[in-house]
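Chemist: The sequence shown: position 72 = 411 (our numbering), numbered continuously.
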Amino acid sequence: MTTTEKNKMKEFAEQVSNEIIDAYEDLFDSKSADIDQEDYTPEEMYEYLSAYIDKGDSVTDFIEDYDWKSYTSELGLFYIKE
């Protein structure tokens with residue numbers, strides 16, 4: 340990835356992180372849930388998304404097509420807050 344693409348991916352990772360943390364706030368706060376908010380920081384999401392992108396895809400195409408709600412199982416998120 341170019342520097343510009345990395346910056347785009349970092350911004351997108353932060354957006355995804357914020358959406359996940361907002362959607363799962365109650366679950367992260369629950370002591371009975373086996374889910375850790377630290378696994379969904381912008382840095383963690385950047386690492387995950389950077390590894391997930393197909394090498395043939397552009398970052399722009401990946402960002403346009405990626406919806407984390409379609410990958411809850413892969414992300415370890417099994418409960419979607421409505």
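Cβ atoms here follow ideal geometry from the backbone N, Cα and C, with glycine treated the same way. Being a predicted model, the structure only gives us computed values, none of them experimental.
Whose C-beta lies closer than 8 Å to the C-beta of F367 among residues of the same chain, with five residues either side of it excluded?
Modeler: The sequence position of residue 367 within the sequence shown is 28, counting from 1. So the list reads I360, I374, D375, Q376, once near-sequence residues are dropped.
Chemist: Let's test the definition: count the other Cβ atoms within 10 Å of the Cβ of S356 and tell me whether it reaches 16, buried, or not, exposed.
Modeler: By one-based count along the sequence shown, residue 356 stands at place 17. Result: buried.
Chemist: Looking at C-alpha atoms only, which residue of A352, T342, S369 is the closest neighbour of D406?
Modeler: For this step, residue 406 is matched to residue 67 along the sequence shown. Residue A352 is the option with its Cα nearest to D406.
Chemist: Got a sec, what are the start and stop residues for the alpha helix (DSSP H) D361 sits in?
Modeler: Indexing the sequence shown from 1 puts residue 361 at position 22. From DSSP, the alpha helix (DSSP H) with D361 extends over 342-362.
Chemist: Count the other C-beta atoms from every protein chain shown that fall within 10 angstroms of the C-beta of L416, then say buried if there are 16 or more, exposed otherwise.
Modeler: Within the sequence shown, residue 416 is the residue found at index 77, counting from 1. Counting Cβ neighbours within 10 Å, L416 comes out buried, since at least 16 surround it.
Chemist: Going by the C-beta, is S356 closer than 8 Å to any heavy atom of the ligand MN?
Modeler: Summarising the ligand content, the structure contains no ligands, and the ligand MN is consequently not present.
Chemist: What whole-angstrom Cβ distance do M348 and Y379 have, given they're in contact under 8 Å?
Modeler: Stepping through the sequence shown from its first residue, residue 348 is reached at position 9. Stepping through the sequence shown from its first residue, residue 379 is reached at position 40. Actually they are not in contact, since the Cβ atoms of M348 and Y379 sit about 16 Å apart, beyond 8 Å.
Chemist: Would you tell me roughly how many angstroms separate the C-alpha atoms of I402 and E413, rounded to the nearest one?
Modeler: On the sequence shown, position 63 is the one that residue 402 refers to. On the sequence shown, position 74 is the one that residue 413 refers to. Spanning the two alpha carbons is a distance of roughly 17 Å.
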